[in-house]
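A short write-up of the structure that comes next.
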Amino acid sequence: MITNRIKTIVFILFFLTSVLSAQGKVEGNALRLRGGLFLGSFKTDIEKRTTFADYFGAQINQDWKGTGGLSLINQLGADYYHSLGSGLLANAFVGLHLNAFGRNNEWRSIYPAGIGIKDGRSGLGFSDINLGVTLNVLPNFRILPKYVLRTMSQNFDGTYLGAGNPVFYGTQNVATRAMSGLLGASFEYDLNADVTLFADMLVYGPFLFRTKGEYNSEMITISNGAVGYAFSNGGYVFSSQKLSLGGSYKIGQNLRLFASLDQERIQTKGESPLSFVIGSNGISEIATLGQYLSTTNEERIKISGIKFGVTYDIGM
């Protein structure tokens with residue numbers, strides 16, 4: 173009931189103010205502070221990797237539940253705009269934005285003689301350093317090409333219980349981290365002095381810079397008195413395509429409300445992992461193959477929802 177009311181309020185805000193990420197023309201040198209909330213879906217790539225590896229252990233997983241919710245840290249940060257004059261090249265900007273998503277997931281799995289009861293906590297965090305310029309194409313239309321240096325990390329902690337034959341109990345921890353350079357652009361159109369519509373995109377990466385990154389997964393299971401251990405460690409790289417549509421509404425001298433419809437797809441891939449699975453009879457070749465392939469498969473982190481918040485400009 174509460175979630176439905178929140179969604180209704182957000183949609184009303186969106187259509188009344190015609191708003192997305194807090195944009196709007198910057199006058200002179202200024203520091204723009206911003207902070208927002210995100211209401212929507214976050215699906216980690218670890219779901220697909222875990223599901224794929226489980227196929228090789230004769231388990232079929234359901235889709236994870238609990239992917240929707242409210243995230244309190246979104247586009248939290250600041251941008252500094254330095255004026256370059258009143259011509260086509262209006263200003264240069266640099267900024268830092270923080271984003272965080274966390275979900276409590278649960279799902280079931282089926283194996284030949286039982287049912288697995290599984291749950292876990294998935295978390296994603298990334299910081300974006302933005303570098304770009306503002307091009308005044310028309311008096312009320314601007315293009316902001318930008319380069320984004322993103323640092324991204326994920327964590328997943330899962331607990332698994334098998335009710336059947338065999339009975340099993342397991343825990344899993346997955347952690348990833350990587351950095352990548354991304355190309356993007358924003359487009360802003362002023363409807364009037366108070367309302368700005370815009371689109372914000374990431375379109376290509378990695379560009380100019382990427383780290384090797386790291387993917388690390390460990391799982392311990394106890395089954396009928398035997399202990400099993402699954403391990404995978406290697407590189408981890410990503411790119412991103414993002415589209416945000418919305419606008420901002422000026423409610424004070426330096427204060428704006430914003431809202432946006434956001435969709436982002438982050439492509440991920442493990443590289444050159446060391447992978448193995450050990451059971452009561454030693455190394456399992458089939459399960460080890462599954463562990464290796466689940467790490468090196470190309471998968472996606474999916475983020476879709478509504479972002480809303482405020483910005484405040486401080487003249488410099």
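Note that the sequence shown covers residues 173 to 488 in the numbering used here.
The beta carbon of each residue, even a glycine, is placed where N, CA and C say it ideally should be.
The structure presented is a predicted model; accordingly, all values stated were derived computationally and were not measured.
Looking at Gly212, Ile218, Arg204, the one whose alpha-carbon comes closest to that of Leu465 is Ile218.
In the assembly as shown, Phe313 is an exposed residue. Its beta-carbon has fewer than 16 other beta-carbons within 10 Å.
The beta carbons of Asn405 and Pro378 sit about 21 Å from each other, so the pair does not count as a contact at 8 Å. Every unbroken stretch of the beta strand (DSSP E) spanning 3 or more residues and falling wholly within the region 255 to 296 is given here in chain order: 261 to 283. One thing to note: Leu417 has its Cβ no nearer than 8 Å to the Cβ of Ser395.
With fewer than 16 other Cβ atoms inside 10 Å of its own Cβ, Lys384 counts as exposed. About 6 Å separates the beta carbon of Tyr319 from that of Gly353, a gap short enough to meet the 8 Å contact definition.
Per DSSP, the continuous alpha helix (DSSP H) segment holding Glu457 begins and ends at 457 to 468. By the neighbour-count criterion, in which 16 or more other beta carbons inside 10 Å mark a residue as buried, Phe214 falls on the buried side. When secondary structure is reduced to three states using DSSP, Thr216 falls in the coil class, being assigned neither helix nor strand.
Straight-line spacing of the CA atoms in Phe448 and Asn302 works out to 39 Å. Lys474 and Asp251 have their alpha carbons spaced roughly 26 Å apart. Residue pairing from DSSP places Met373 in a beta bridge opposite Ala357, Leu415. Per DSSP, Asp434 is one residue of the beta strand (DSSP E) stretching across 427 to 451.
Residue range 471 to 487 is occupied by the beta strand (DSSP E) that includes Ile475. Put simply, of Leu363, Phe480, Thr460 the residue whose alpha carbon is nearest the alpha carbon of Ala225 is Thr460.
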